[in-house]
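A.B. asks: Next up is a structure, given as structure tokens.
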Amino acid sequence: YGFDVFSAVKDGGFRKCLKDAVVKESKVIGCLEPFTIGEGAQLWRLSYDTGVWELIVDSDEEFSFRGFRSMIVYKGRIYVSAAFGGFGFGDSYFLLSSADGVTWDREHDGPQNNGIVPRAMTVYQDKLYIGTEIALSSIGVIKPELWSFDGTTWSQIPDLPFTKSRGVGALLVHDDKLWIGIIGETSRDSSFGLYTFDGTSFDGTVAPDLTTYTAWDGVQYDLGAIGSDNLGIGSMISYNGRLWMGIANIVNGFSVLVSDGSGAGWELVTANGMGNPANAYSWQFLEFEGRFLIGTFNLGIVSIFVSGPSIPTNVFDSPGEGELWSLSLKEDKKFESIRLPADWAASSYGIRTMKTCFNGARMC
Numbered sequence: 246y247g248f249d250v251f252s253a254v255k256d257g258g259f260r261k262c263l264k265d266a267v268v269k270e271s272k273v274i275g276c277l278e279p280f281t282i283g284e285g286a287q288l289w290r291l292s293y294d295t296g297v298w299e300l301i302v303d304s305d306e307e308f309s310f311r312g313f314r315s316m317i318v319y320k321g322r323i324y325v326s327a328a329f330g331g332f333g334f335g336d337s338y339f340l341l342s343s344a345d346g347v348t349w350d351r352e353h354d355g356p357q358n359n360g361i362v363p364r365a366m367t368v369y370q371d372k373l374y375i376g377t378e379i380a381l382s383s384i385g386v387i388k389p390e391l392w393s394f395d396g397t398t399w400s401q402i403p404d405l406p407f408t409k410s411r412g413v414g415a416l417l418v419h420d421d422k423l424w425i426g427i428i429g430e431t432s433r434d435s436s437f438g439l440y441t442f443d444g445t446s447f448d449g450t451v452a453p454d455l456t457t458y459t460a461w462d463g464v465q466y467d468l469g470a471i472g473s474d475n476l477g478i479g480s481m482i483s484y485n486g487r488l489w490m491g492i493a494n495i496v497n498g499f500s501v502l503v504s505d506g507s508g509a510g511w512e513l514v515t516a517n518g519m520g521n522p523a524n525a526y527s528w529q530f531l532e533f534e535g536r537f538l539i540g541t542f543n544l545g546i547v548s549i550f551v552s553g554p555s556i557p558t559n560v561f562d563s564p565g566e567g568e569l570w571s572l573s574l575k576e577d578k579k580f581e582s583i584r585l586p587a588d589w590a591a592s593s594y595g596i597r598t599m600k601t602c603f604n605g606a607r608m609c
């Protein structure tokens, strides 16, 4: 399957890595963003020509950032969601942008209110779209937002149909529409929502019914019954003409559903974290050389976020082991586990981000 050799891109040099974004700016291809509580975040970039990593922002010296939630390149600039304070627990988030990765400007007119996190970013109809999540301490105080940017003017999209949610967990362009995956959708029993947006109006009829499905492992699951433990949609991908989405679940393990491409004919792939309920998130989807990959997040760190559902104490006794799965190229309706290097798996909570770079798939 082409995963016989794994190698560390920069072993030990990024503190604890949470996010990897790829940007091609002249001869620079990457900004890699790590996050360690109490140490501050950093931004790194990698040169195509030299293969050398360069530290371009060290928060300890310059900005005192706690982390960078997401990144995207749009019209020659990289946009970064920068966090101050407590890792999504209610302090300030705002957007930074740069044309060269060295000089950074704050975007004063976009999503920047205290208590919101610019979480999901994509480009649709030649505009940059950013969906926000409400920080934990601001739930019930403010509402989620959806913004567009044409390179000159920021515009907040009015009349959102998901104002009773935590916000936007994922954005995807598929079938000429903007698909919006929702987290904490309290108006549905499932705690997740799915909408499309065509640049003018929203359609909320595309979400799967909360009924009983037979997963690929042959076991039946009631999406309505397990919905109270769902966190929401955290990942989506368009693969082989079909729409795939991952729903985080902190008790049963993540679910993955796939539609016929139009938001109909939903099929359940898994509802138990690929057989491991500790796999709470299908944290990242990637298409790589014709294959569909899923990187998972294990429950080892989730105790700092979770209140409510009862989770066995021993779940938090170890950091857990993230997993990597590939849709089988040989068998229908089957995912296969890809063995990661033992020292990586044993010391990680999961695979936060995967990108295809000039030298293959890059995982963080």
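According to this note's numbering, the residues represented by the sequence shown are 246 to 609, in order.
Heads up, the beta-carbon is just placed ideally off N, CA and C, and yes, glycines get one too.
1) Three or more C-beta pairs under 8 Å: does that hold for the stretch 451-461 against the stretch 388-402?
2) DSSP three-state label for residue 492, please.
3) Just to confirm, is the Cβ distance from residue 436 to residue 476 under 8 Å?
4) Who are residue 410's beta bridge partners in DSSP?
5) Taking residue 391 and residue 368 to be in contact with their CB atoms under 8 Å, please state how far apart those CB atoms are, rounded to whole angstroms.
6) Which same chain residues end up closer than 8 Å to residue 439 when comparing Cβ atoms and leaving out the 5 residues on each side of it in sequence?
7) Assign residue 595 to one of three DSSP states: helix, strand, or coil.
8) Going by beta-carbon coordinates alone, are residue 537 and residue 484 separated by less than 8 Å?
9) Could you check what DSSP says for residue 468 in three-state terms: helix, strand or coil?
10) Helix or strand or just coil, what does DSSP make of residue 365?
11) Mind checking residue 470: buried by the 16 CB within 10 Å criterion, or exposed?
12) Report the rounded CA-to-CA distance for residue 322 versus residue 455, giving the unit in angstroms.
13) Residue 325 bridges to which residues according to DSSP?
14) Quick check on residue 408: buried or exposed, where buried means 16 or more other Cβ atoms within 10 Å of its Cβ?
15) Can you find a heavy atom of the ligand ADP that lies under 7 Å from the Cβ of residue 419?
16) DSSP three-state label for residue 354, please.
17) Alpha carbon to alpha carbon, what distance is there between residue 597 and residue 344?
18) Terminal residues of the continuous beta strand (DSSP E) containing residue 202?
19) Hey, quick one: how far does the beta strand (DSSP E) through residue 536 stretch, first residue to last?
20) Going by the CB atoms, is the gap between residue 355 and residue 394 shorter than 8 Å?
C.D. replies: Concretely, from the data shown:
1) No: fewer than three Cβ pairs fall under 8 Å.
2) The answer is strand: DSSP assigns residue 492 an E or B state.
3) Going by C-beta atoms, residue 436 is nearer than 8 Å to residue 476.
4) Listed as beta-bridge partners of residue 410 by DSSP are no residues whatsoever.
5) The Cβ separation is near 14 Å, so there is no contact.
6) 424, 425, 426, 427, 449, 451, 452, 453, 478, 490, 508, listed in sequence order.
7) Of the three classes helix, strand and coil, the one that applies to residue 595 here is strand, per DSSP.
8) Taking 8 Å as the cut-off, the Cβ atoms of residue 537 and residue 484 count as close.
9) Helix.
10) Of the three classes helix, strand and coil, the one that applies to residue 365 here is strand, per DSSP.
11) Looking at its Cβ environment, which holds fewer than 16 other Cβ atoms inside 10 Å, residue 470 is exposed.
12) In this structure, the CA atom of residue 322 is about 41 Å from the CA atom of residue 455.
13) As computed with DSSP, residue 325 is found in a beta bridge with 316, 341.
14) Residue 408 comes out exposed.
15) Inclusion of the ligand ADP in the displayed structure is not the case, the ligand content being empty and no account of it being possible.
16) Note: residue 354 maps to coil in three-state DSSP.
17) Taking the straight line joining both Cα atoms gives about 25 Å.
18) Outside the shown range of the chain (246 to 609) lies residue 202, about which nothing can therefore be said.
19) Per DSSP, residue 536 belongs to the beta strand (DSSP E) from 536-543.
20) Yes, the Cβ-Cβ distance between residue 394 and residue 355 is below 8 Å.
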